[in-house]
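Asker: Handing you this structure, nothing more for now.
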Amino acid sequence: MREGLTGFGRKIRLACPILASYLLSSGSLAAAALSQLVTFAILARALGPTEFGLFVQISAVTAIAVQLCGLGASDCLLRRVSRQPASYPSLLGHNLLLIGLSGALLVVGGVAAMSSWTRMSSGPSVGITTLALLFFGNVVLVRVILLVETAFLALGRIHAANRAVVGFAVARTVTAALACLAFRVSSLAEWALWQCGGNLLYALVGAAWLSPLGRPRLAILREELRAGLLFCSQFVARAVRSNVDLLVIGLFAPIETVGSYGVARRIMDSSYLAIDALNRLLYPRLARESRDGLHLALPTAKRALAAALALGVATSLVLFLLAPKLPALFGRDYHDLPFFVRCLSGTIVLVGAWAAAVDLLGASGRHDARAWILNSANLAGSALIAVATWLAAPIGTVIALYVIDGAIVLAAWLVLLRFAGRSRLHAAEPARASPAPS
41 MREGLTGFGR
51 KIRLACPILA
61 SYLLSSGSLA
71 AAALSQLVTF
81 AILARALGPT
91 EFGLFVQISA
101 VTAIAVQLCG
111 LGASDCLLRR
121 VSRQPASYPS
131 LLGHNLLLIG
141 LSGALLVVGG
151 VAAMSSWTRM
161 SSGPSVGITT
171 LALLFFGNVV
181 LVRVILLVET
191 AFLALGRIHA
201 ANRAVVGFAV
211 ARTVTAALAC
221 LAFRVSSLAE
231 WALWQCGGNL
241 LYALVGAAWL
251 SPLGRPRLAI
261 LREELRAGLL
271 FCSQFVARAV
281 RSNVDLLVIG
291 LFAPIETVGS
301 YGVARRIMDS
311 SYLAIDALNR
321 LLYPRLARES
331 RDGLHLALPT
341 AKRALAAALA
351 LGVATSLVLF
361 LLAPKLPALF
371 GRDYHDLPFF
381 VRCLSGTIVL
391 VGAWAAAVDL
401 LGASGRHDAR
411 AWILNSANLA
421 GSALIAVATW
431 LAAPIGTVIA
441 LYVIDGAIVL
451 AAWLVLLRFA
461 GRSRLHAAEP
471 ARASPAPS
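Going by this note's numbering, the first residue of the sequence shown is number 41, and it counts up by one from there.
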């Protein structure tokens with residue numbers, strides 16, 4: 041009996057640091073998500089449904105572009121530095137160079153593409169300067185800010201990474217409050233200047249935090265380009281799928297409806313925080329455990345699946361119950377908001393179901409399989425969403441979202457279990473081949 045209690049106590053002691061890390065991680069992301077919702081509420085009220093709906097459409101494009109900025113170099117920073125901390129300077133320089141080069145192209149291309157798109161949609165047109173500020177602030181500067189968090193996570197400095205996340209969220213909220221409440225900003229052109237200035241200031245703060253860790257060694261690591269492109273392609277495809285509905289709805293529905301739907305979608309994005317908090321802690325661990333074989337990290341991925349499902353169900357239920365109260369926060373003009381939130385709340389469970397599987401594929405270096413799953417589902421899903429929105433917006437859009445996430449759940453776990461079986465067989469081959477001791 042005493043031995044059983046001793047073993048139980050040992051498990052509790054081992055679990056406490058993990059639980060504490062998760063609580064700190066989820067707490068930081070919760071604070072960030074809450075700040076983001078407050079920021080959206082301030083902007084929604086200040087800009088009004090029309091201007092805010094236009095901002096939502098532009099933000100949909102910048103959300104895609106920010107995933108492409110840097111060409112996925114953040115993955116090698118997190119993956120390789122977590123294994124070999126001495127590689128930090130060269131990987132940091134690799135990231136900075138790719139962010140600068142790809143960011144310049146994305147800003148120019150994004151401004152040109154979006155200036156044409158806004159003339160086609162139901163909203164008002166946007167000036168070139170406003171678009172340039174929005175793309176530079178939301179693509180290049182945001183990618184630099186996210187790099188700060190990634191660097192701290194790779195070096196095992198969880199508290200510093202949490203500080204970076206919370207700090208950025210608070211900075212955005214303070215910027216919105218100063219702009220809209222204190223200086224009465226009420227147009228997208230004015231907000232673009234404020235947002236870009238706030239992001240620039242916080243990027244400089246992040247650079248100051250990283251400076252004691254060592255100077256970057258500016259050189260592009262060619263051997264990491266393919267893995268980075270495969271990594272970022274998954275998130276680009278997911279961002280396309282996650283934002284194509286915001287763009288297409290603007291062609292078939294009033295811009296005010298785009299505003300309500302956009303707020304609901306951003307609430308969903310913020311609601312993934314519990315799952316994201318779990319994943320950001322597990323990814324370095326999965327990378328270490330899978331170093332000698334993917335199958336060795338499979339038990340951790342299965343435990344993560346159970347935890348993510350529980351978190352997803354709880355979050356979905358809370359959102360469903362709170363949905364009728366949201367117009368009081370964002371403004372009475374957003375009368376379609378509760379309907380959209382309730383329709384979309386169940387997608388959180390499906391995201392939690394596939395997140396652990398694709399994270400293990402990535403952490404083990406199987407970016408080809410991970411990219412094949414996510415890119416195929418998201419690119420085909422983008423077409424499905426566009427067609428469903430065109431035929432029966434917005435109900436068709438919602439149905440398409442559930443079909444896509446459900447397909448990713450099935451594909452991700454089937455592929456992961458297949459690779460785990462191969463890895464287990466490969467590990468057993470040396471034991472079978474070695475002669476029995478005499």
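C-beta: ideal position from N, C-alpha, C; glycine also.
Quantities reported herein were computed from a predicted structural model and do not represent experimental measurements.
#1: In or out: residue 169 buried (at least 16 other Cβ within 10 Å) or exposed?
#2: Express the C-alpha separation of residue 182 and residue 78 in angstroms, rounding to a whole number.
#3: Tell me the start and end of each unbroken alpha helix (DSSP H) in the region 226-276 that is at least 4 residues and wholly inside, in chain order.
#4: Would you check if the region 258-270 and the region 106-115 touch, i.e. whether three or more CB-CB distances between them fall below 8 angstroms?
#5: Nearest to residue 312 by alpha carbon, out of 180, 350 and 260?
#6: So for residue 107, helix, strand or coil by DSSP?
#7: Hey, could you find the ends of the alpha helix (DSSP H) residue 324 is sitting in?
#8: Tell whether a beta-carbon distance below 9 angstroms holds between residue 363 and residue 379.
#9: Check for me: the alpha helix (DSSP H) holding residue 195 runs from which residue to which?
#10: Nearest CA to the CA of residue 218: which residue from 207, 206 and 231?
#11: Could you tell me whether any non-hydrogen atom of the ligand ADP is closer than 8 angstroms to the CB of residue 339?
#12: Identify, in the order they occur along the chain, each residue of the same chain with its Cβ nearer than 8 angstroms to the Cβ of residue 464, setting aside the five sequence neighbours on each side.
#13: Are residue 434 and residue 299 closer than 9 angstroms when you measure CB to CB?
#14: Taking one C-beta from the region 129-139 and one from the region 92-101 each time, how about it: are there three or more such pairs within less than 8 angstroms?
#15: At least one CB of chain B closer than 9 angstroms to the CB of residue 445: is that the case?
#16: In this structure, how does DSSP classify residue 280 when only helix, strand and coil are distinguished?
#17: What does a CB cutoff of less than 8 angstroms around residue 258 pick up in its chain, not counting 5 residues either side in sequence?
#18: Which of helix, strand or coil does DSSP assign to residue 207?
#19: Around the C-beta of residue 150, are 16 or more other C-beta atoms found within 10 angstroms, so that it is buried, or is it exposed?
#20: Would you report the Cα separation of residue 234 and residue 206, rounded to the nearest angstrom?
#21: Could you check which residue in 249, 393, 411 and 308 has the C-alpha nearest to that of residue 318?
#22: Which stretch, first to last residue, makes up the alpha helix (DSSP H) that contains residue 418?
#23: Pull up the distance between the alpha-carbon of residue 301 and that of residue 436, whole angstroms please.
#24: Please work out which residues of its chain come closer than 7 angstroms, Cβ to Cβ, to residue 44, disregarding the five sequence neighbours upstream and downstream, and give them in chain order.
#25: What separation, rounded to the nearest whole angstrom, lies between the Cα atoms of residue 328 and residue 417?
#26: Based on Cα-Cα distance, which residue from 197, 411 and 262 lies nearest to residue 121?
#27: Looking at residue 76: is its Cβ nearer than 9 angstroms to the Cβ of residue 306?
Answerer: To lay it out plainly:
#1: exposed
#2: 19 angstroms
#3: 228-250
#4: yes
#5: When each option's Cα is compared against that of residue 312, the closest is 350.
#6: It is helical.
#7: 313-329
#8: yes
#9: First-last for residue 195: undefined, no H or E at that position.
#10: Looking at the Cα atoms, 231 is the closest of the given residues.
#11: Only the bare structure without any ligand can be found here, which leaves the ligand ADP out of the picture.
#12: 333 and 335
#13: no
#14: no
#15: Absent here is chain B; the protein component of the structure consists of one chain.
#16: Residue 280 falls in the helix class under three-state DSSP.
#17: 133, 136 and 137
#18: helix
#19: buried
#20: One C-alpha to the other measures close to 19 angstroms.
#21: 393
#22: 407-432
#23: 13 angstroms
#24: Residue confidence for residue 44 is low, a pLDDT of 46 falling below 50, so the modelled location carries little weight; the figure read from the coordinates is stated next. Excluding positions up to five away in sequence, the list is empty.
#25: 28 angstroms
#26: 197
#27: By the CB criterion at 9 angstroms, residue 76 and residue 306 fall inside the cutoff.
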